[in-house]
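Here the structure comes first, spelled out in structure tokens, and everything after it is commentary.
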Amino acid sequence: MAAGLLLVLSGPSGVGKTTIAHEMLRRFGGHFSVSATTRAPTNEEKNNVDYSFVSPEVFQQMIDQKLFIEFAQVFGRSWYGTPRQPVDAALARGELAVLDIDVQGAELVRDKYPDMLGIFILPPSEESLLTRLRQRGREDESAIQRRFRESTVEMQRARDNGIYNAFVINDDLTAAIEEVALLVSEKLKTHITHRAH
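180 is the number that our numbering gives the last residue of the sequence shown; the numbers go up by one with no jumps.
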């Protein structure tokens, strides 16, 4: 068993996962897993910071070389994958490794890392999620509606699949951060206790 703790954060777009992930790293240290994807970057995204943007050919080579913990085509469009080596290296160093991945990916990760801490971040309501998606200003209304429909399906799947340890409602970012930090802190305590025996 790896010595570190694997934290998997999932939730709809615009719910605050990335902000919460980076706050956990600020508090606990560790490694943020940068997913590889075949989709094009948005104007704000930086390669190898937000995602590793790769061609479909390179992505296929990474699959063939078994370099991913998990990979999937999301909603029939772009491919996403979690590179194995940086995560395993962080865990071997006894660090916190944070993954910001979708429900499908989290299901695959749970199979390989059964001791992971899975937290699903929820919006306070579906209406607030729609508002947050619109406020991001990244997509036109048809894309926002599609993303909203996909998010509601994903939230239901997360509730039904039993792989998440906790669900945190982000109606106040500071409170949500504190709730996630408490869950991480408690898991680290039990994790260390189990490793010592």
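Beta carbons are placed, not taken as given, at the ideal position from N, Cα and C, and that holds for glycine.
Since this is a predicted model, take the numbers as computed values, not measurements.
Report buried or exposed for residue i, applying the criterion of at least 16 other Cβ atoms within 10 angstroms of its Cβ.
i    : result
S168 : exposed
A73  : buried
Q87  : buried
T21  : buried
I146 : buried
T173 : exposed
V70  : buried
Could you tell me the boundaries of the alpha helix (DSSP H) in which residue i lies?
i    : result
A182 : The displayed coordinates of the chain run from -16 to 180. Any statement about residue 182 would go beyond what the structure contains.
Q118 : 109 to 119
A23  : Unbroken run through A23: none, as it is neither H nor E.
Q181 : Residue 181 lies beyond the stretch modelled for the chain, which goes from -16 to 180, so this question has no answer here.
Taking the Cβ atom as the reference point for each residue, do residue i and residue j lie within a distance shorter than 7 Å?
i      : j     : result
L116   : I127  : yes
L(-11) : A80   : yes
G(-6)  : I104  : yes
T65    : E78   : no
I102   : L(-8) : yes
R119   : G(-3) : yes
Residue i by DSSP, collapsed to three states: which one?
i     : result
A80   : strand
G13   : coil
P97   : coil
G64   : strand
S(-4) : coil
S35   : strand
At which residues does the beta strand (DSSP E) containing residue i begin and terminate?
i    : result
V151 : 149 to 152
E27  : Unbroken run through E27: none, as it is neither H nor E.
Handout entry: Inter-stretch contact at 8 Å, needing at least 3 Cβ pairs: the segment -5 to 5 / the segment 91 to 101
Key = Segments in contact, no.
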